[in-house]
Amino acid sequence: TAILAFRLIHKYYGLGHLVARTGYDKAVIREMVLFSSSMIVPNLAKKWHSVLPVLFLNFLLPGAKGAEAAGIYGVARKIVSTLNVFRESFEYVLAPMTSAKALVENKAQLREMYAFATRISIAAFIPTATYVVFMRDEFLRLSGSEFLQGSMAIAVLALGRFIEVASGPSSSIIAMIGRYRMPLLNAAGGIVVTAAIAVWLIPSLGITGGAIAAAAGINVNSLAAHMEVRLFYGLQPYDRSLLRPTLMAVFISAPLAVIAVSTIPLPRTFHLIIVTSALLVALIAVIRFGYSREDARSIVPGRLAKRLPFLTS
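Numbering of the sequence shown is given in the numbering used here, commencing with residue 2 and proceeding in unit increments.
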């Protein structure tokens, strides 16, 4: 990754120019170190929220139970990680558009992007999370019947991810607008909470305790960033445009859950096909009837919009 990054820098800026001609300004170097640390450490913290429960499950549960629980938790975490796409996709888009200069010159546009990313993510997350939660036993059985012990962990982690998505892409904003210490403190706080709750709950709750620890630590980070963006910069992602897509997502997720439960007696292949098809219908319904035309046109690729014009009409 680092090599590819340097290749891009050289392609667009020229490493020779940066190194040989620009010189070394201590203030610039200090700014670079502070900025990069505020980006690197929180991203490492995200990894540690995943790793710490696995480590503590191994250490705190006796004998082979620890290794078994760690393996089951790892599978459960991987299943839920598919839900991260809704938050991370908008973070990668929003982060480059966010800066201290943008905050001063075009705060209204930044607020609209913040609200847009939040309402799109929430409305798409709800039916997808419903699908994952109600189909979790089917997914776990693919790894073996013993992995069903991770069923509750998936539900807990999905709830934690929903709270994270509902807080909006605040972490990216707080990392980009010049408050270097805030991302570091938020990340450290999240890691401490994950570790403390893991030590407290894993001996009694096992895999579920690890999931609670991870969900709590992740949301300490995201909710702290949300409050900082709101208090210090006057930005918040909630407005009346959030109501329609969210209600539509909840409304369409109810029959999705009913379909997932009622088709359990069917053969597993048919069960999976039917519920997955229902999820696709639910997402299409959210795009068509939940989002505004402008939002739908923003997220539906051009080629798909031409083939399915009713999505954005």
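Even glycine gets a Cβ: it sits at the ideal position worked out from N, Cα and C.
Next on the checklist: Using only CA atoms, which one of VAL55, PRO204, PHE60, LEU243 lies nearest to SER122?
Outcome noted: LEU243
Checklist entry - Can GLY191 and GLY218 be called in contact, C-beta distance under 8 Å? => result yes
Next on the checklist: Quick check for students: name the residue ranges of the alpha helix (DSSP H) that lie wholly in the stretch 271 to 309, counting only runs of 4 or more.
Outcome noted: 294 to 300, 303 to 308
Item to check | Nearest to VAL86 (by Cα), restricted to the options THR119, VAL55, GLY64 | outcome: THR119
Checklist entry - Given GLU139, which residues of its chain have a CB within under 8 Å of its CB, disregarding the five upstream and five downstream residues? => result ARG269, HIS272, LEU273
Item to check | Cα-Cα separation between GLY207 and ARG294, rounded to whole angstroms | outcome: 46 Å
Checklist entry - Counting Cβ pairs closer than 8 Å, one from the stretch 172 to 184 and one from the stretch 229 to 244, do we hit at least three? => result yes
Item to check | Reference ILE80; option with closest CA among VAL262, ALA212, ILE41, VAL42 | outcome: ALA212
Checklist entry - Looking at C-alpha atoms only, which residue of GLY235, GLN150, ARG78, VAL34 is the closest neighbour of LEU53? => result ARG78
Next on the checklist: Distance check for ASP240 and LEU257, CA to CA, integer angstroms please.
Outcome noted: 27 Å
Next on the checklist: Just to confirm, is the Cβ distance from ALA71 to VAL55 under 8 Å?
Outcome noted: yes
Item to check | Distance, THR129 Cα to THR277 Cα | outcome: 10 Å
Checklist entry - Nearest to THR209 by alpha carbon, out of PRO246, GLY151, VAL200? => result GLY151
Checklist entry - Which first and last residues belong to the alpha helix (DSSP H) in which PRO268 is found? => result No alpha helix (DSSP H) holds PRO268; DSSP gives it neither H nor E.
Checklist entry - Are ALA250 and VAL287 closer than 8 Å when you measure CB to CB? => result yes
Next on the checklist: Rounded to whole angstroms, what is the Cα-Cα separation between THR195 and ALA283?
Outcome noted: 34 Å
Item to check | Cut-off 8 Å between Cβ atoms - residues of its own chain near LEU305, not counting five sequence neighbours on either side | outcome: LEU312
Item to check | CB of ASN220 within 8 Å of CB of ALA46, strictly | outcome: no
Checklist entry - Can you name, in chain order, every residue of its own chain whose Cβ lies under 6 Å from the Cβ of SER168, other than the five neighbours on each side? => result SER223, LEU224, HIS227
Next on the checklist: I need the DSSP call for GLN237, collapsed to helix, strand or coil.
Outcome noted: coil
Next on the checklist: Since VAL126 and VAL166 should fall inside the 8 Å C-beta cutoff, what is the C-beta to C-beta distance between them, to a whole number of angstroms?
Outcome noted: Per the sequence presented here, residue 126 reads as Phe, with Val not at that position. Indeed, because the Cβ distance is near 5 Å, the residues count as touching under 8 Å.
Next on the checklist: Check for me: the alpha helix (DSSP H) holding THR83 runs from which residue to which?
Outcome noted: Unbroken run through THR83: none, as it is neither H nor E.
Next on the checklist: Using the Cβ count rule (16 or more neighbours within 10 Å means buried), how would you classify SER171?
Outcome noted: buried
Next on the checklist: For a test of the three-state rule: what should DSSP assign to ILE219, helix, strand or coil?
Outcome noted: helix
Item to check | Where the alpha helix (DSSP H) through ASP138 begins and ends | outcome: 137 to 142
Item to check | Residues near ALA216 in its chain [Cβ-Cβ closer than 7 Å; skip 5 each side] | outcome: VAL157, LEU158, LEU160, GLY161
Item to check | Own chain, CB closer than 8 Å to ILE300, minus 5 neighbours either side, in chain order | outcome: ILE121, ILE288, TYR292
Next on the checklist: Along the chain, where does the alpha helix (DSSP H) containing LEU9 start, and where does it finish?
Outcome noted: 3 to 13
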